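In my numbering, each number is its position in the sequence shown, counted from 1, plus 48. Note that beta-carbon positions come from the ideal geometry of N, C-alpha and C, so glycine has one too. These numbers come from a predicted model, not from an experiment.
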Amino acid sequence: MHSCEAVFQGYEYGRSGNPSRAVLEECLASLDDAKYGLAFSSGLAAVTGLCALLESGDHIITGDIYTVEQIGCGFSC
């Protein structure tokens, strides 16, 4: 018999996390023997997450970044 009571099961919204993403993040971390792995739902989310780790004066060294090439400019965190 099903209850109408809402029970939180660890995931509220697909973009903020889901069981498949959790497994992917664990697998990515294990590839580099890292403590954590991160997967993002979009490129902008990934850039925002990266910028949150930086402090004033830090630099990012990258290869091709598709979005930056498309709009013809850099980005600032």
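Original post:
For the alpha helix (DSSP H) that contains Ala87, what are its first and last residues?
Top reply: Judged by DSSP secondary structure, Ala87 falls outside any alpha helix (DSSP H); it is assigned neither H nor E.
Original post:
Is it the case that the CB of Ala70 approaches a heavy atom of the ligand ATP more closely than 7 Å?
Top reply: Absence of the ligand ATP is noted for the structure shown, with no ligands found whatsoever.
**OP:** Return the first residue and the last residue of the alpha helix (DSSP H) that Ser78 is part of.
**Re:** Looking at the DSSP string, the run of the alpha helix (DSSP H) that includes Ser78 is Pro67 to Leu79.
Subject >> Pairwise C-alpha distance: Gly97 and Ser104 >> reply: Computed Cα separation, rounded: 15 Å.
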